[in-house]
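What follows is a set of notes on a single structure, which appears directly below.
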Amino acid sequence: MMTRLRIGLVGAAGRMGQAIAEVAASENAEIIAKSDLGDQITSANADVLIDFSSAAAAEAICDAAMKSNIALVIGTTGHSAKEKQAIETAARKIPVVFASNFSIGVNALFALTERTAKVLGDDFDLEIVETHHRMKKDAPSGTAKTLAEILQRARNTKKMRHGREGMIGERERSEIGIHSVRGGDVVGDHTVIFAGQGERVELTHRASSRETFARGALRAARWVIGKPAGLYDMRDVLGMS
Ligand code: NAD
């Protein structure tokens with residue numbers, strides 16, 4: 050029998066906040082403290098603080114978790130270097146899972162992307178296309194950035210191309226293209242394209258519900274409680290690292 054998980058939730062009124070509230074009961078979890086924009090972030094008596102709010106809240110969220118000395122799960126994306134630094138500093142004191150995507154399928158996509166890049170080698174051009182609903186604020190998505198980092202490591206390059214317009218000349222072999230499509234209610238699609246001479250490989254993940262992210266975040270929350278201070282990601286939670 051799973052022990053009851055007591056959650057402090059930041060961004061409670063948002064799409065992901067509501068998705069977490071919807072799955073909590075079936076995961077033997079209880080949201081004992083909620084905060085949203087303009088509220089004091091509270092985590093007293095919680096086992097873990099879960100954040101799906103905005104990157105601008107990172108410092109306040111880290112402070113709240115450190116003050117209560119509890120674990121932190123961050124799902125928010127789009128952090129600046131300074132906001133990421135606040136998370137890294139907090140992870141020296143408390144255990145933190147910071148993941149751009151909590152779905153198992155996307156974490157399989159991460160592993161397949163790494164493997165495919167190695168198998169195909171340098172002759173294939175690499176492009177990432179992500180599609181999200183019209184309300185999404187950051188671009189490219191955190192998941193697309195993670196995919197880009199995986200490809201950059203595999204190719205040993207830092208070159209990125211965010212969209213294309215005008216007489217830009219031929220594609221550079223070493224660049225990684227990254228493109229954001231926005232519209233409607235798309236929960237989140239990601240495609241990695243490996244385009245070679247006479248053939249093309251495309252790896253695609255499509256999320257059709259936020260439930261997968263919510264259940265993944267609760268799984269991460271259960272996993273991270275009691276871990277030593279440190280910065281973890283979903284691959285650690287799933288035992289894939
Ligand atoms: P949303 O806009 O529907 O919800 C965000 C909520 O946070 C809103 O209710 C907003 O009022 C609140 N908020 C904003 N600033 C705040 C602050 N300073 N303090 C407290 N609350 C604040 O967005 P969403 O679709 O729920 O996504 C939230 C974040 O989670 C985004 O960054 C998104 O990219 C990310 N996300 C991550 C995953 C993942 O698996 N890691 C999955 C989906 C979404």
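Using the working numbering, you'd call the opening residue of the sequence shown number 50 and step up by one each time. Heads up, the beta-carbon is just placed ideally off N, CA and C, and yes, glycines get one too.
Candidates the options: which alpha carbon is nearest residue i's?
i      : options                        : result
Ala78  : Arg268, Leu280, Leu287         : Arg268
Trp272 : Val145, Gly215, His211         : Val145
Lys83  : Ser75, Glu108, Met65, Ile56    : Ile56
Thr162 : Asn94, Thr195, Pro189, Glu132  : Thr195
Ala95  : Glu76, Ala120, Gly87           : Ala120
Ala62  : Gly87, Ala130, Ala256, Glu214  : Gly87
Ala73  : Ser92, Ala93, Met51, Asp85     : Met51
Gly226 : Gly247, Glu176, Thr253, Ala244 : Glu176
Asp172 : Ala256, Leu58, Gly247          : Gly247
Lys276 : Glu251, Ala106, Asn118         : Asn118
Gly212 : Asp282, Lys185, Glu224         : Glu224
Asp85  : Phe151, Gly60, Arg249, Val286  : Gly60
Ala106 : Glu132, Val97, Ala93           : Glu132
Arg141 : Lys186, Ser92, Tyr281          : Tyr281
Arg231 : Lys186, Leu58, Ser92           : Lys186
Ala93  : Ala68, Glu108, Leu58           : Leu58
Since I believe residue j is in contact with residue i (beta carbons under 8 angstroms), could you give me their beta-carbon distance rounded to a whole number of angstroms?
i      : j      : result
Gly127 : Ala104 : 5 angstroms
Ile99  : Ala278 : About 18 angstroms separates the two Cβ atoms, so there is no contact after all.
Ile80  : Ile110 : That pair is no contact at about 15 angstroms.
Ser149 : Thr192 : 5 angstroms
Gly237 : Ala256 : 4 angstroms
Leu169 : Gly245 : 7 angstroms
Ala166 : Arg204 : 7 angstroms
Could you tell me the distance, in whole angstroms, from the CA atom of residue i to the CA atom of residue j?
i      : j      : result
Ala70  : Glu137 : 27 angstroms
Arg164 : Ser258 : 27 angstroms
Leu54  : Met289 : 24 angstroms
Arg284 : Val122 : 14 angstroms
Thr240 : Ser190 : 12 angstroms
Asp174 : Ala139 : 38 angstroms
Ser36  : Phe243 : This structure gives no information on residue 36, because the portion of the chain shown stretches from 50 to 290.
Gln134 : Met209 : 22 angstroms
Ser129 : Glu76  : 33 angstroms
Ser152 : Thr253 : 14 angstroms
Ala68  : Val97  : 17 angstroms
Glu251 : Lys207 : 22 angstroms
Phe147 : Val286 : 11 angstroms
Lys274 : Ile143 : The amino acid occupying residue 274 in the given sequence is Ile; Lys does not appear at that position. Their Cα atoms are separated by approximately 10 angstroms.
Glu214 : Val235 : 25 angstroms
Arg64  : Glu108 : 22 angstroms
Arg222 : Arg249 : 15 angstroms
Practice task
Any chance you could list the alpha helix (DSSP H) runs of at least 4 consecutive residues sitting entirely within the stretch 93 to 181, in chain order?
Solution key: 107 to 117, 130 to 139, 153 to 169
Handout entry: contact_flag[the stretch 259 to 266, the stretch 196 to 207] where n(CB pairs < 8 angstroms) is 3 or more
Key = no
Practice task
Please specify which runs of the alpha helix (DSSP H), each continuous and at least 4 residues long, are wholly inside the stretch 248 to 285, giving them in chain order.
Solution key: 260 to 273
Handout entry: Three-pair Cβ contact test at 8 angstroms for the stretch 179 to 198 versus the stretch 106 to 114
Key = no
Exercise for the section: Decide yes or no for the touch test of the stretch 209 to 218 against the stretch 146 to 157: beta carbon pairs closer than 8 angstroms, at least 3 of them. Expected result: no
Exercise for the section: Can you check the stretch 184 to 259 for any alpha helix (DSSP H) of at least 4 residues that lies completely inside it and give the ranges in chain order? Expected result: 191 to 204
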